[in-house]
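Novice: The structure under discussion is supplied below as structure tokens; questions concerning it will follow.
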Amino acid sequence: MSAAARVPERFAERSAGTAAWVAGLEAAALLAIDPVGLGGAMLRGGPGLARDCWLAALTARLAAGVPVRRMPAMIDDDRLLGGLDLAATLTAGRPVIQSGLLAATDGGVLVMPSAERISAGLAARIAGAMDRGEVILERDGAARRLPSRFAIVALDESVGDSEAVPLALEDRVAFLIDLTNADPRGAVTAPVRSLAPVRARLAKMKPLDAKAVEALVHTAEAFGVPSLHSVYLAMRAASVIAAQAGRVTVKDEDIAAAARLVLAPRATRLPAEQEPEADEPEAEDETPPDEAGDDDRVSALEDTVLEAVRAAIPDGLLDALQAGKPLRGAQKSAPGGGQMRKSPLRGRPLGSRAGTLKPGTRLSLVDTLRAAAPWQSLRQRETKRAMRVEVRPSDFRIRRFAERREATIIFAVDASGSAAFHRLAEAKGAVELLLAEVYAARTNAALVAFRGAGAELLLPPTRALARARARLAELPGGGGTPLAAGLDAALALALSERSRGRDAMIVLLTDGSANIARDGTGSRVRASAEAQEAATRIGVEGIATVFIDNAPRPRPESRGLAAAMNARYLALPYLDATGVRNAVRASSPQASRGAR
Amino acid sequence: MSKAFPFAAIVGQDEMKTALLIAATDPSVGGVMVFGDRGTGKSTAVRALAALLPQIKVVKGCRFNCDPASPAADCLDGCGAVKGRKKLVAVEVPVPVVDLPLGATEDRVVGALDLERALTRGEKAFEPGLLARAHRGFLYIDEVNLLEDHLVDLLLDVAVSRENIVEREGLSVRHPAKFVLVGSGNPEEGELRPQLLDRFGLSVEVRTPQKLADRVEVLRRCDAFERDPVNFMKTWAPKSSETRDLVAAARGRVGAVSVPDAALEMMSNLCVAVSADGLRGELTLMRAARAAAALADDTIVGVPHIRAVAPLALRHRLRRNPLDQTDSGARITRAMDEVLVS
Chain A
1 MSAAARVPER FAERSAGTAA WVAGLEAAAL LAIDPVGLGG AMLRGGPGLA RDCWLAALTA
61 RLAAGVPVRR MPAMIDDDRL LGGLDLAATL TAGRPVIQSG LLAATDGGVL VMPSAERISA
121 GLAARIAGAM DRGEVILERD GAARRLPSRF AIVALDESVG DSEAVPLALE DRVAFLIDLT
181 NADPRGAVTA PVRSLAPVRA RLAKMKPLDA KAVEALVHTA EAFGVPSLHS VYLAMRAASV
241 IAAQAGRVTV KDEDIAAAAR LVLAPRATRL PAEQEPEADE PEAEDETPPD EAGDDDRVSA
301 LEDTVLEAVR AAIPDGLLDA LQAGKPLRGA QKSAPGGGQM RKSPLRGRPL GSRAGTLKPG
361 TRLSLVDTLR AAAPWQSLRQ RETKRAMRVE VRPSDFRIRR FAERREATII FAVDASGSAA
421 FHRLAEAKGA VELLLAEVYA ARTNAALVAF RGAGAELLLP PTRALARARA RLAELPGGGG
481 TPLAAGLDAA LALALSERSR GRDAMIVLLT DGSANIARDG TGSRVRASAE AQEAATRIGV
541 EGIATVFIDN APRPRPESRG LAAAMNARYL ALPYLDATGV RNAVRASSPQ ASRGAR
Chain B
597 MSKAFPFAAI VGQDEMKTAL LIAATDPSVG GVMVFGDRGT GKSTAVRALA ALLPQIKVVK
657 GCRFNCDPAS PAADCLDGCG AVKGRKKLVA VEVPVPVVDL PLGATEDRVV GALDLERALT
717 RGEKAFEPGL LARAHRGFLY IDEVNLLEDH LVDLLLDVAV SRENIVEREG LSVRHPAKFV
777 LVGSGNPEEG ELRPQLLDRF GLSVEVRTPQ KLADRVEVLR RCDAFERDPV NFMKTWAPKS
837 SETRDLVAAA RGRVGAVSVP DAALEMMSNL CVAVSADGLR GELTLMRAAR AAAALADDTI
897 VGVPHIRAVA PLALRHRLRR NPLDQTDSGA RITRAMDEVL VS
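Residue numbers (our numbering), protein chains in the order written: chain A, 1 to 596; chain B, 597 to 938.
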């Protein structure tokens, strides 16, 4: 922090930080009243004072004896769900089942550091236990149901858009809190009082009436909150807020506060700018006419709630919403994103499973011994041999690893006469630069060239950089532009790569002026139509594509082609290699991630 | 165990309810896959199934759910051996709806050596797993797309062969395992392998209700159930028993439903029109239409029944036409408009 010379600015910064902290603290206070009912919270922001203070504030307010446990992001099923306690089993001479972390957290709070690293499978296990209120243990010969009702506090330390806390978890917590800029230092902390009377009131809370639920549902719809579960959590939050205020009925102000806390951070759009009156005819369709007397209250309540949410949307979010940018929740993994897959040989360890030893697998010795241990006394009685340890093939545990999927970038290069003389050299330069990048990212590269009567696969998918470079250098130019044939060839290759479990991406370098039809005859009209059709096929198959237009004067048809392919379009009349590289890098998360 | 939300109290989601009722009426349609967004009541509906089905008779004490009328000859609990000499004791139990949780180990799914007996008494005995427990009932996998591949393969094998064969830890055991596989999953969280998808007879897609009034009703019912499950169940008991009676009646009727040649032809044409892969689609369509007729108390399969079930039976079997971006539901509707004539 800079010197005290710029006092006003610092003061403003400080108060914004304090405001963020106070908002976060408000949620912590509510969560402490009914952790299980509210599901928990997601805290954004790295480790630091604010986060520690928030967790301390929550813990201080929880009822006595409520467990607060931490869960590592890489926890395995034995520890999470439970399983055979090997040491105890061997000592006791009978199976001893150890319950896991989820059962141990029953009634309490599960804190998850680095929640953005939690895998979909782990998130589904946790979410399943939260939904059912119990852990169904079907492991290591044990079948049990263990009560497991808990709240989660997911600590989201993600940087950038590439990682995020699984939506399955985000969906199950009431509060999304951003502590990135929160500063607890300036805040006045009220002394913590016992929440027992509040909890007692909550137990006697009257249900929300239809109007209140309606107001929340309409607000969620207006702000594009996708999941009904969030609205349900807002309903519960309203009850908790009412109990906190010393009441056993939920008032309109509680509804507004709950919407502000639960729904506002999940907004994905802003309500259409229209007067509330314009909404009414639609609303009448849905509400039975006999309830018309209450309509005034409904719309008044709805306005209050909408306003509360609108006011609570953080600045950055508002800008993004107005710019129409897709937000979290709308995100989808792009093809070429390098999905994780299981591999027996390399990658991040994924635990082990039973299997047979064969070439290409690796034995997990410790797990194998673990599997063999319980059976020792039985086996020795059977075989009447006094061996130290008797391991049988059924004990073998094979290691598994998670490996990022391989990817292939297919370069489809226009080597026709129109492109050739002044452009081809530049295209070659760009492709060569990309090849180096591809190599660093451990991606495969393939080269399709089209000129004259048709397309030719110059280089099947390979990682051999030298070969790729040589074929590229030999690439002759001249002749017509059989664009459709080039696109067909690239697509066929992409599909065959996909069927081999690789993610494919096409980088198309052309000036887009098709003049040779698929049958090799020169017809500009037919060639364009066919090219358009071929482009559509690529778009429908959902192959990630970059269209680099190197025409001196880019033509509108090229844009049409790019749109049909769903491609990232880039007009680069002066094909500079760096521009091309950046475009491809931006379109392929695989390449950028791999190179890191 | 927590109480299951009553099936009848689920708002909307007619397609999912239809599919589950059809599978309950005629288990041979071969399983239901439910795709959908989070928080749409997928698992609620499946877990509510048990309360919906007429109870079945099983041999008392048999861990393999043997039918007293025809016990498995080689039942490990000796049901087959008893036959003839003395009567088996039968008890009525709810149809099993067995949850296969993520993280289940293979030994618990297929069954394994009984660890307790092996350790304490040094005996080699078979401890049946979830497949035995699900025999004659339903096996439910939430988030099926996240289940370990080797378990999925194993389930597919058993679902087709209807028999569980265990060869492990020196045991060699086989027992019947006939069950309806019900899966649910969120497509955002991982694709389902096509060969697995094809094994499900019916596939439905559930969404958050579109009408705001429906959403309000969903939330109010959830809230009421959460507050006072016992009372909520009581309120819905008449509706629930209505549905239960319907399923029981439909089960009795389904064998007598006839499928006229004209209907068969229409179904074939429909499959051709949407280029649904394989014979499995046609067979499922026919069985599902028959069950739909039985549920509607009709004795002959007609156009309305086919129309009601075709999207469920065919949606996941369409070969993709790269130049046609319309979604599979719309393609089936279009084909039905062309092919189905009453």
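Yeah, the Cβ is synthetic: ideal placement off N, Cα and C, and Gly gets one too.
Quick caveat: nothing in here was measured; it's all calculated off a predicted structure.
Quick one: what's got a C-beta closer than 7 Å to Glu878/B's C-beta in the same chain, skipping five residues either side?
Specialist: If you number the second sequence from 1, residue 878/B lands on position 282. Cβ neighbours of Glu878/B beyond the five flanking positions: Met863, Ser864, Cys867.
Novice: Within 8 Å (strictly less), CB to CB, does Thr831/B reach chain A?
Specialist: Walking along the second sequence from the start, residue 831/B turns up at place 235. Closer than 8 Å: no.
Novice: Mind listing, in chain order, the continuous beta strand (DSSP E) runs of no fewer than 3 residues lying wholly within the stretch 125-165 of chain A?
Specialist: Correct list: 134-139, 142-147, 151-156.
Novice: Which runs of the beta strand (DSSP E) fall wholly inside the stretch 458-541 of chain A and span at least 3 residues, in chain order?
Specialist: Fully enclosed beta strand (DSSP E) runs of 3 or longer: 503-510.
Novice: For Ser394/A, go through chain B and note every residue whose CB falls closer than 7 Å to its CB, in chain order.
Specialist: Here residue 394/A refers to the residue found at position 394 of the first sequence. Near Ser394/A (Cβ distances below 7 Å), the residues of chain B are Arg764, Glu765.
Novice: Can you list, in chain order, the residues of its chain whose CB lies under 7 Å from that of Glu275/A, leaving out five sequence neighbours each side?
Specialist: As a working mapping, residue 275/A is identified with position 275 in the first sequence. Note on Glu275/A: pLDDT 44, under 50, position unreliable in the model; the coordinate value appears next. Here the set comprises nothing.
Novice: Is it buried or exposed, Leu202/A, if we count other Cβ atoms within 10 angstroms and call 16 or more buried?
Specialist: Sequence index remark: in the first sequence, residue 202/A carries index 202 (1-based). Flag for Leu202/A reads buried.
Novice: May I ask you to list, following chain order, the residues of the stretch 685-715 of chain B that have a beta carbon less than 8 Å from some beta carbon of chain A?
Specialist: Residues passing the 8 Å Cβ filter: Asp695, Leu696, Pro697, Leu698, Gly699, Ala700, Thr701, Glu702, Asp703, Arg704, Val705, Ala708, Leu709, Asp710, Leu711, Glu712, Ala714, Leu715.
Novice: Please list, in chain order, all residues of the same chain as Val217/A whose beta carbon is under 7 Å from its beta carbon, the five residues on each side excluded.
Specialist: The residue you call residue 217/A lines up with position 217 of the first sequence. These residues qualify, in order along the chain: Val231.
Novice: Taking 8 Å as the threshold (C-beta atoms), are His731/B and Asn661/B in contact?
Specialist: By 1-based counting over the second sequence, the position of residue 661/B is 65. By 1-based counting over the second sequence, the position of residue 731/B is 135. Going by C-beta atoms, Asn661/B is nearer than 8 Å to His731/B.
Novice: Give, in chain order, every residue of the stretch 806-837 of chain B whose Cβ lies closer than 8 Å to some Cβ of chain A.
Specialist: Here the close residues are Lys807, Leu808, Ala809, Arg811, Val812, Val814, Leu815, Arg816, Cys818, Asp819, Ala820, Arg823.
Novice: Which same chain residues, not among the five before or five after Glu765/B, have their C-beta less than 7 Å away from its C-beta?
Specialist: On the second sequence, position 169 is the one that residue 765/B refers to. Ala708, Leu709.
Novice: Can you grab the Cα-Cα spacing for the pair Ala446/A / Ile409/A, in whole Å?
Specialist: For the purposes of this step, residue 446/A is taken as the residue at position 446 of the first sequence. For the purposes of this step, residue 409/A is taken as the residue at position 409 of the first sequence. If you take the alpha carbons of Ala446/A and Ile409/A, they lie about 6 Å apart.
Novice: So, using beta-carbon positions, are Leu169/A and Ala123/A closer together than 8 Å?
Specialist: Walking along the first sequence from the start, residue 169/A turns up at place 169. Walking along the first sequence from the start, residue 123/A turns up at place 123. Cβ distance < 8 Å, so Leu169/A and Ala123/A count as in contact.
Novice: Do Ala264/A and Val309/A have their C-beta atoms closer together than 8 Å?
Specialist: Position 264 of the first sequence, counting from 1, holds the residue named residue 264/A. Position 309 of the first sequence, counting from 1, holds the residue named residue 309/A. Yes; because the gap between Cβ atoms is below 8 Å, this pair is in contact.
Novice: If we define contact as Cβ-Cβ less than 8 Å, is Ser639/B a contact residue for chain A?
Specialist: Translated into the one-based positions of the second sequence, residue 639/B becomes position 43. Ser639/B counts as touching chain A.
Novice: Can you tell me whether Ala503/A is buried or exposed? The criterion is at least 16 other CB atoms within 10 Å of its CB, across all chains shown.
Specialist: Residue 503/A sits at position 503 when you count from the first residue of the first sequence. The sequence given here has Asp at residue 503/A, not Ala. Buried.
Novice: Is it the case that the Cβ atoms of Ser416/A and Arg469/A are separated by a distance below 8 Å?
Specialist: By one-based count along the first sequence, residue 416/A stands at place 416. By one-based count along the first sequence, residue 469/A stands at place 469. No.
Novice: Buried or exposed, going by whether 16 or more other CB atoms sit within 10 Å of the CB of Lys384/A?
Specialist: For the purposes of this step, residue 384/A is taken as residue 384 along the first sequence, with counting starting at 1. Counting Cβ neighbours within 10 Å, Lys384/A comes out exposed, since fewer than 16 surround it.
Novice: Let's test the definition: count the other Cβ atoms within 10 Å of the Cβ of Thr839/B and tell me whether it reaches 16, buried, or not, exposed.
Specialist: The count along the second sequence starts at 1 and reaches residue 839/B at position 243. It counts as buried.
Novice: Residues of chain B with CB under 8 Å from Trp375/A, in chain order?
Specialist: Here the question's residue 375/A lines up with position 375 in the first sequence. The contacting residues are Leu709, Ala714, Glu765.
Novice: For Ala846/B versus Gly898/B, is the C-beta distance shorter than 8 Å?
Specialist: As a working mapping, residue 846/B is identified with position 250 in the second sequence. As a working mapping, residue 898/B is identified with position 302 in the second sequence. Contact flag unset, no.
Novice: Which of the three DSSP states, helix, strand or coil, is assigned to Gly925/B?
Specialist: Sequence index remark: in the second sequence, residue 925/B carries index 329 (1-based). Helix at Gly925/B.
Novice: Anything in chain A within Cβ reach of Leu726/B, meaning under 9 Å, just list it in chain order.
Specialist: Numbered from 1 along the second sequence, position 130 holds the residue referred to as residue 726/B. Glu138, Ala143, listed in chain order.
Novice: 8 Å is my cut-off, CB to CB: does Ser158/A come that close to chain B?
Specialist: On the first sequence, position 158 is the one that residue 158/A refers to. Not one chain B Cβ lies under 8 Å of Ser158/A.
Novice: Spatial neighbours of Ala330/A within its chain, please: CB distance less than 7 Å, with the 5 preceding and 5 following residues excluded, ordered by chain position.
Specialist: Looking up residue 330/A in the first sequence gives position 330. With a pLDDT of only 36 at Ala330/A, under the threshold of 50, the placement of this residue in the model should not be trusted, and no figure is reported.
Novice: Run down chain B in chain order and give the residues with a C-beta less than 9 Å from the C-beta of Asp303/A.
Specialist: Along the first sequence, read from residue 1 onward, the residue named residue 303/A stands at position 303. Under the 9 Å cutoff, chain B gives no residues; its nearest Cβ is about 16 Å from Asp303/A.
Novice: Look at Ala259/A and Val305/A and say whether their C-beta atoms are less than 8 Å apart.
Specialist: Residue numbering aside, residue 259/A sits at position 259 when the first sequence is read from its first letter. Residue numbering aside, residue 305/A sits at position 305 when the first sequence is read from its first letter. Contact flag set, yes.
Novice: Output the boundary residues of the alpha helix (DSSP H) element that contains Ala571/A.
Specialist: In the first sequence, counting from the first residue as 1, residue 571/A sits at position 571. Careful: Ala571/A lies outside any alpha helix (DSSP H), inside the beta strand (DSSP E) at 568-571.
Novice: If you follow the alpha helix (DSSP H) that Gly874/B is in, where does it begin and where does it stop?
Specialist: Taking the second sequence and counting its residues from 1, the one referred to as residue 874/B is at position 278. Counting along the chain, the alpha helix (DSSP H) containing Gly874/B begins and ends at 874-891.
Novice: Grouping DSSP H, G and I as helix and E and B as strand, with all else coil, what is Asp178/A?
Specialist: Translated into the one-based positions of the first sequence, residue 178/A becomes position 178. Note: Asp178/A maps to strand in three-state DSSP.
Novice: Between which two residues does the beta strand (DSSP E) containing Ile548/A stretch?
Specialist: As a first step, residue 548/A must be located in the first sequence, where it is residue number 548. First-last of the beta strand (DSSP E) with Ile548/A: 544-549.
Novice: Give the residues of chain A in contact with Asp841/B, contact being defined as C-beta atoms less than 8 Å apart.
Specialist: By one-based count along the second sequence, residue 841/B stands at place 245. Result: empty, since nearest Cβ-Cβ is about 29 Å, beyond 8 Å.
Novice: Do you know how far the Cα of Val625/B is from the Cα of Arg729/B?
Specialist: Residue numbering aside, residue 729/B sits at position 133 when the second sequence is read from its first letter. Residue numbering aside, residue 625/B sits at position 29 when the second sequence is read from its first letter. Taking the straight line from one Cα to the other gives about 21 Å.
Novice: Along the stretch 184-215 of chain A, what residues have a CB closer than 8 Å to any CB found in chain B?
Specialist: Cβ contacts with chain B come from Pro207, Leu208, Ala210, Val213, Glu214.
Novice: Against chain A, which members of the stretch 884-902 of chain B pass a CB distance test of less than 9 Å?
Specialist: So the list is empty, because no residue satisfies the distance condition.
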